[in-house]
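Colleague: In this text, residue positions in the sequence shown follow numbering that gives the first Met the number 0: the first is 0, and each later residue adds one.
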Amino acid sequence: MCGPELIIRTRRAEQVCELLPIHALYDDFPAAFVEDYAHWLDIDTKVVEWRPLRHTWTSSPDNWQMRADGQEVGLSRGAKRLVDIRSPAAKAISRILGPLEHATHIHVILDCETDALEVNLPRVRLDFSLQNHGNLLVSKQFRGMVVDERQSFGTLTGLVSKLVLREAKGSSRSVHCPHGRVSFSRDGHHARVKIDTTSAAHVKYHSYHIDTQLGRLVDSGNLRSRLFRLYLHTTTAHCTEEALYGLNTCAINAAASILPRASAGDVAASIFKQAKSFYVFREQPAEPPISNTRDEYDLLERAAIRDSSFQTYGFDAEAYTTDHDATYSSRDQVLNNLTICPRLLSEIKSWAQPILGSGLADNITLGFDPKWVDLPAEKFLPDDWCTLYSILSRSAAEQDKYKIMIFLVTL
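#1: Which same chain residues end up closer than 7 Å to Gly-214 when comparing Cβ atoms and leaving out the 5 residues on each side of it in sequence?
#2: Could you tell me the alpha carbon to alpha carbon distance between Pro-369 and His-188, rounded to whole angstroms?
#3: Can you name, in chain order, every residue of its own chain whose Cβ lies under 7 Å from the Cβ of Asp-110, other than the five neighbours on each side?
#4: When burial is assigned at 16 or more other CB atoms within 10 Å of the CB, is Lys-139 buried or exposed?
#5: Just to confirm the assignment, what range does the beta strand (DSSP E) spanning Trp-371 have?
#6: Residue range of the alpha helix (DSSP H) that Ala-78 falls in?
#7: May I ask you to report which of helix, strand or coil DSSP gives Ser-307?
#8: Would you call Gln-64 buried or exposed, if buried means 16 or more other Cβ atoms sit within 10 Å of its Cβ?
#9: Within 10 angstroms of the Cβ of Ala-164, are there 16 or more other Cβ atoms? Answer buried if so, exposed if not.
#10: Just to confirm, are Thr-234 and Ala-190 a CB contact at a threshold of 8 Å?
#11: So is Asp-383 buried or exposed if we call it buried at 16+ other beta carbons inside 10 Å?
#12: Around the C-beta of Trp-49, are 16 or more other C-beta atoms found within 10 angstroms, so that it is buried, or is it exposed?
#13: Just curious, the beta strand (DSSP E) that Pro-51 is in, first and last residue?
#14: Return yes when the Cβ of Val-372 is within less than 8 Å of the Cβ of Thr-409, no when it is not.
#15: Helix or strand or just coil, what does DSSP make of Val-118?
#16: Quick check on DSSP: helix, strand or coil for Cys-16?
#17: For a test of the three-state rule: what should DSSP assign to Leu-40, helix, strand or coil?
#18: Taking the alpha-carbon of Cys-16 as reference, which of Glu-4, His-22 and Val-46 has the nearest alpha-carbon?
#19: Put Tyr-401 into one of helix, strand or coil per three-state DSSP.
#20: What does the Cβ neighbour count give for Leu-391, buried or exposed, with the cut at 16 atoms within 10 Å?
#21: So, with DSSP's three-state summary, where would you put Arg-185?
#22: Using the beta-carbon count (16 or more within 10 Å), is Phe-309 buried or exposed?
#23: Taking only the alpha-carbon atoms, compute the straight-line gap between Val-82 and Ser-170 and give it to the nearest angstrom.
#24: Does DSSP classify Lys-378 as helix, strand or coil?
#25: With distances taken Cα to Cα, identify the nearest neighbour of Thr-156 among Tyr-296, Ala-395, Arg-185 and Val-202.
#26: How many whole angstroms separate the CB atoms of Leu-158 and Val-123, which I take to be in contact at a CB cut-off of 8 Å?
#27: Helix or strand or just coil, what does DSSP make of His-132?
#28: How should Cys-176 be labelled, buried or exposed, when 16 other C-beta atoms within 10 angstroms of its C-beta is the threshold for buried?
#29: If you draw a straight line from the alpha carbon of Glu-166 to that of Thr-113, how long is it in whole angstroms?
#30: From the DSSP output, read off the bridge partner residues of Trp-63.
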């Protein structure tokens, strides 16, 4: 024991090794080099051997070893050497690949024989290389593709977690997004969307071809990949036509038998129906989602009719109809058919205040006045009744028509 720390040592012949605690290595090495290895310090040679956890007690010359090389201490295996995560090269590569993977999970390895850099993303299972004196990260999994210097592609604006690749000799481009928990926030007038993969041991990703001719993203046809793309469309650009069209494709809604001209409400209902039918195959029991739009059908139908003027064909423009139109009576017609109050005298007596004569009240201007709204009628009418009667009696229809309308509507 050394204070609260338990010291573990092994002896084999004359070799004595001591196990280093992993908390002493965090922030100095990539996460996999800390968590997936046991680190044994040779007491005599001061060499630290990285042994895989499945072979914790077995030493091998093929393991990673950290030894002092002159004034520098480096981790190497044969001709390959791990680049310090604090070095300018490692930081530059992390800035490029950071939108796809966290810096702590990016391995930058120098091949001392070829002077080439190898970049490994073990969680995502992607690898890149940077040849000697080159400036392009070449993908190993996607042959002939390199990391594009221009990471924008005309859609999914605000999506941070992505990596765009392009052909080294050609114009083809593709975007790759990790699969994880999507979060979004407001960034000025746009949305800022991130995909969190912090807790995942292995990260899956979705690849979409960028069709510049038709201006769209093309998925592989996988249902999960397509739904994830539509979700990203929705979070970055509201509920777009692209998202609605994708949800309405036969590949997603074949089981629900959606009509080609189904509205957004019908599409949502079909998705709930399909999700409910597949809940029997879930590994963990869960309650199926419940659609709460049944009681609001009239409101949804009215909103669809009003919004149809701003939509295009295939996306609720066909919801336009005049079947529910009605003729409304204008307010000027209401004024011409005013009925006399049959209980005017009893109403005046209920005020229980003396009525001032004409001219004794303050000057009154026809039109809108906050006091007509702020005070109840019995508070101001006794003071202004005769004055109002005098003004209305000598008013001219051509000149004061709209002033009187505003005044009476305010009352």
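Glycine is no exception: its CB is placed at the ideal position from the N, C-alpha and C atoms.
Modeller: Let me spell this out:
#1: Gly-153
#2: 37 Å
#3: Ala-78, Lys-79 and Glu-117
#4: exposed
#5: Taken as a continuous stretch (DSSP letters only), Trp-371 belongs to no beta strand (DSSP E), being part of the alpha helix (DSSP H) at 369 to 373.
#6: It is not in any alpha helix (DSSP H) - Ala-78 carries neither H nor E in the DSSP assignment.
#7: helix
#8: buried
#9: Reading off the sequence, residue 164 comes out as Leu, not Ala. The residue is buried, with at least 16 neighbouring Cβ atoms inside 10 Å.
#10: yes
#11: Asp-383 should be labelled buried.
#12: buried
#13: 47 to 51
#14: yes
#15: strand
#16: Three-state result, Cys-16: strand.
#17: strand
#18: Val-46
#19: helix
#20: exposed
#21: strand
#22: Phe-309 counts as exposed, since fewer than 16 other beta carbons sit within 10 angstroms of its beta carbon.
#23: 33 Å
#24: helix
#25: Arg-185
#26: No, Leu-158 and Val-123 are not in contact; Cβ-Cβ is about 17 Å, not under 8 Å.
#27: coil
#28: buried
#29: 24 Å
#30: Trp-49
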